[in-house]
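Trainee: Taking the numbering used here, the leading residue of the sequence shown gets 41, the next gets one more, and so forth.
The beta-carbon is built from N, C-alpha and C at its ideal position, and this holds for glycine as well.
The model shown is predicted, which means the values in this text are computed figures rather than measured ones.
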Amino acid sequence: MTQVVIITGAASGIGKHWASVLAKDDAYNLALADIDDAGLRAAFMPSERLRVHCLDIRSVAQWQHVVADTLEHFGRIDYLFNIAGGSRPAFFLDQPTENIDFQIDVNLKGPLIGMKLVGEIMVKQGAGHIINVASLAGLSPTPGNALYSAAKGGLRNAAIAAAIEWRKRGVAVTVVSPDLVDTPIMQKHLTTGREEVALTYTGVTLTVDDLPRYRVGSDYDQSGAKTLLTSQSFSGGIISRFKQIRTAREELNLYRIMHET
């Protein structure tokens, strides 16, 4: 049976990569969404099995439109890739107060709206899988990254709670917590020349194709995004272990050692 997938943040970076992988496979009908409507339409041509939406994830009404349109055209929703987000790194006291709203709205509130609205449909169906992209920053915060870390940590915690609540109702919830990923947003921050960016983005850079390949209890999988679609680890578990990154506990211990000596 053809699977129906909603992907947010599909105009660039992780979302675009995973959407491109699934768009080549007739086993999937896609609803692709991004606030960058021009970029999304430049990357993907609408068709019978591919819907394109301009979506500001902060808007309940726009989320409702995407969900309703997907149900109207495809009849169900099997997967949500909750990817869209954004970052404005700066030391906490240097952050304009409006950045508090931006980071919380884009990285926490928006994904939570999507989880709720799509989750309601999946619970009625008795099946579905929501895949949230959080960040290692939500587990192991770094200087210059307080607001982003707070939002991504909140998304991780909400996803874990939802996974427990919905597991017996047939719906899986997964949260991916990667380290630095090479995306246009990351490249923009690395070229600003600001000191806090260097503090925020350290370590080995992952590519977008690395994210789904390393999950707890899994083998290397060439299929990229499809690994997450087929994974039901822990009936909605936590994916945060990749070969390139330390565990959050190791990061925290290292940080303490560096600042206590």
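Express the C-alpha separation of Ser-99 and Leu-179 in angstroms, rounding to a whole number.
Mentor: If you number the sequence shown from 1, residue 179 lands on position 139. If you number the sequence shown from 1, residue 99 lands on position 59. Cα to Cα, Leu-179 sits roughly 27 Å from Ser-99.
Trainee: Please state whether the Cβ-Cβ distance between Ile-123 and Thr-48 is less than 8 Å.
Mentor: Numbered from 1 along the sequence shown, position 83 holds the residue referred to as residue 123. Numbered from 1 along the sequence shown, position 8 holds the residue referred to as residue 48. Result yes, Cβ atoms of Ile-123 and Thr-48 sit closer than 8 Å.
Trainee: With H, G and I counted as helix, E and B as strand and the rest as coil, what does DSSP make of Leu-179?
Mentor: Position 139 of the sequence shown holds residue 179. The answer is coil: DSSP assigns Leu-179 none of H, G, I, E or B.
Trainee: If you reduce the DSSP assignment to three classes, tell me which class Ser-52 lands in.
Mentor: In the sequence shown, counting from the first residue as 1, residue 52 sits at position 12. Coil at Ser-52, not helix or strand.
Trainee: Is it buried or exposed, Gly-166, if we count other Cβ atoms within 10 angstroms and call 16 or more buried?
Mentor: For the purposes of this step, residue 166 is taken as residue 126 along the sequence shown, with counting starting at 1. Looking at its Cβ environment, which holds fewer than 16 other Cβ atoms inside 10 Å, Gly-166 is exposed.
Trainee: What does the Cβ neighbour count give for Met-85, buried or exposed, with the cut at 16 atoms within 10 Å?
Mentor: Taking the sequence shown and counting its residues from 1, one reaches residue 85 at position 45. Met-85 comes out exposed.
Trainee: Can you list, in chain order, the residues of its chain whose CB lies under 6 Å from that of Gly-194, leaving out five sequence neighbours each side?
Mentor: As a first step, residue 194 is located in the sequence shown; it is residue number 154 there, counting from the start. Excluding sequence neighbours, Gly-194 sits near Leu-148.
Trainee: Among Arg-91, Arg-128, Val-213 and Val-61, which has the Cα closest to the Cα of Asn-303?
Mentor: The displayed coordinates of the chain run from 41 to 301. Any statement about residue 303 would go beyond what the structure contains.
Trainee: The beta strand (DSSP E) with Ala-67 in it runs from where to where?
Mentor: To locate residue 67, count along the sequence shown from 1; it is residue 27. No beta strand (DSSP E) holds Ala-67; DSSP gives it neither H nor E.
Trainee: Quick one: what's got a C-beta closer than 6 Å to His-169's C-beta in the same chain, skipping five residues either side?
Mentor: On the sequence shown, residue 169 is found 129 positions in, with the first residue counted as 1. Excluding positions up to five away in sequence, the list reads Tyr-119 and Ala-212.
Trainee: Here's a check: name, in chain order, each residue in its chain whose Cβ is nearer than 8 Å to the Cβ of Ile-140, leaving out the five neighbours to either side.
Mentor: Working through the sequence shown from its first residue, we reach residue 140 at position 100. So the list reads Leu-187, once near-sequence residues are dropped.
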